[in-house]
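The structure under discussion appears below in the form of structure tokens.
Protein chains: 2
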Amino acid sequence: MVRWQPGTSERLQAAALELFASNGYEQTTAAEIAQSVGLTERTFFRHFSDKREVLFHGQQLLVEAFLGGVAAAPDDAPPMELVAAALGAAEEFFPAERRDHSRLRQTVIDQNQALQERERHKLSVLAATLGDALRARGVAEPAATLAAESAATVFGVAFTQWIAPGEDRSIGEIERSVLAELRDLIAVAPVGNA
Amino acid sequence: MVRWQPGTSERLQAAALELFASNGYEQTTAAEIAQSVGLTERTFFRHFSDKREVLFHGQQLLVEAFLGGVAAAPDDAPPMELVAAALGAAEEFFPAERRDHSRLRQTVIDQNQALQERERHKLSVLAATLGDALRARGVAEPAATLAAESAATVFGVAFTQWIAPGEDRSIGEIERSVLAELRDLIAVAPVGNA
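Keeping their order, the protein sequence lines are chains A and B. The first sequence runs 1 to 194 under UniProt numbering. The second sequence runs 1 to 194 under UniProt numbering.
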């Protein structure tokens, strides 16, 4: 019987993360990553266009998970219910067993400004794509943009809390708590004429 | 008597915008911009590090205006009052006479994906800087990040409305209306346990 082995992509990802974390992102080459799991540099580049892609591999999948959440919501769901459905998809995407991987990944990103910018850019792409999905569901402006940007903000803050040391709540539980904080915060905003 | 003339930077900016809008951003060179107002390419590069900088020249000033708004708020102002103070600073930064310039600039940015990304990046820098200012004023997390990101969202949506064809409300008035819409939207968000 053949013992189950994670796919080549996953092995390369895990190896890259270890090397980035221990030797530094800049100092690690694609060839070293491949070598550390007994593969060639050429194999590495069949799976990832560059070293940075190893860290941002899941981005498209995360965006699709959010869109799947929206698609599964009832036809007549109001904007913030669509947003809640999108946020709910993060729960499957970041199960508890992925938390250590996400923590290690974050330590790598925190050490490099270009990676931090890419990470921020990721959130703005998530917001833009979600906004498109809400407009396609008939949500008018500016509600679609406001709801989508708020969802990305809530997700970003919740994700940061989820990977904090000692945190053990699920990302969904944290998202709901952050959304409630946002609601309470905005509820007291002065919006009269200045 | 010497007639007042706008500074060299302003003349280069206005000329660049006209050329970008009529001939295309990609097709316009720094030398052509300089030439069109009787200056040399060398003078252009004393004022702007590259062609793109002409379009993003005011970014640091906008961020400073937002921070100035926060600094001027009373010591005991709650987070969303600090945010309202920051948003209020946009009113002086974008007076009615600047609207046509901003509209023309947007047509240039809309034609180029890299410029659109830079513009989105600008908003995330604004949010990050505002978050730092709120934390420095003692606002705790996640309120500081939520308030700062919401301010950037409201500003972004309000700015888009401000430059829309036929719009004649001030940016401050629009911001207050967008903030009220955000509040009403989030107020009905489902935040119970899923």
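Positions of the beta carbon are idealized from the N, C-alpha and C atoms, including for glycine. These figures come from a predicted structure and were not determined experimentally.
Exposed unless 16 or more other CB atoms sit within 10 angstroms - verdict on residue i
i                      : result
residue 13 of chain B  : buried
residue 15 of chain A  : buried
residue 150 of chain A : buried
residue 107 of chain A : exposed
residue 10 of chain B  : exposed
residue 188 of chain A : exposed
residue 95 of chain B  : exposed
residue 176 of chain B : buried
residue 24 of chain A  : exposed
residue 142 of chain B : buried
residue 183 of chain B : buried
residue 179 of chain A : buried
residue 114 of chain B : exposed
residue 126 of chain A : buried
residue 28 of chain B  : buried
Interface flag, residue i vs chain B, CB-CB below 7 angstroms
i                      : result
residue 183 of chain A : yes
residue 120 of chain A : yes
residue 139 of chain A : no
residue 191 of chain A : yes
residue 188 of chain A : yes
residue 157 of chain A : yes
residue 149 of chain A : yes
residue 213 of chain A : A question about residue 213 of chain A goes unanswered here, because the residues of chain A that appear run from 1 up to 194.
residue 198 of chain A : This structure cannot settle anything about residue 198 of chain A, because the visible part of chain A is limited to 1 through 194.
residue 107 of chain A : no
Delimiting residues of the alpha helix (DSSP H) encompassing residue i
i                      : result
residue 37 of chain A  : Counting along the chain, residue 37 of chain A falls outside any alpha helix (DSSP H), and DSSP gives it neither H nor E.
residue 176 of chain B : 171-187
residue 14 of chain A  : 8-23
residue 68 of chain B  : 59-72
residue 191 of chain A : Run containing residue 191 of chain A: none; DSSP gives neither H nor E here.
residue 56 of chain B  : 53-56
Test: residue i CB closer than 7 angstroms to a CB of chain A
i                      : result
residue 33 of chain B  : no
residue 124 of chain B : yes
residue 9 of chain B   : no
residue 144 of chain B : no
residue 175 of chain B : no
residue 87 of chain B  : no
residue 129 of chain B : no
residue 180 of chain B : yes
residue 72 of chain B  : no
residue 171 of chain B : no
residue 164 of chain B : no
residue 14 of chain B  : no
residue 153 of chain B : yes
Residue i Cβ short of 6 angstroms to the ligand ZN heavy atom set
i                      : result
residue 121 of chain B : This structure simply doesn't include the ligand ZN, nor any ligand for that matter.
Discussion item. With a threshold of 8 angstroms, are at least 3 pairs of Cβ atoms found where one atom belongs to the region 99-107 of chain A and the other to the region 142-154 of chain A?
Written reply: Fewer than three pairs of CB atoms, one per stretch, sit closer than 8 angstroms, so the region 99-107 of chain A makes no contact with the region 142-154 of chain A.
Discussion item. For a minimum of 3 consecutive residues, which ranges assigned as the beta strand (DSSP E) are wholly contained in the region 92-155 of chain A?
Written reply: DSSP runs (the beta strand (DSSP E)) wholly in the region 92-155 of chain A: none.
Worksheet item: So, do the region 80-97 of chain A and the region 84-96 of chain B have three or more beta carbon pairs nearer to each other than 8 angstroms?
Response: Flag = no, the region 80-97 of chain A and the region 84-96 of chain B do not touch.
Worksheet item: Per the contact definition of three or more C-beta pairs closer than 8 angstroms, is the region 113-122 of chain A in contact with the region 113-128 of chain B?
Response: Touching, per the Cβ criterion.
Worksheet item: So, do the region 125-133 of chain B and the region 59-71 of chain B have three or more beta carbon pairs nearer to each other than 8 angstroms?
Response: Between the region 125-133 of chain B and the region 59-71 of chain B there are three or more C-beta pairs closer than 8 angstroms, enough to call the two in contact.
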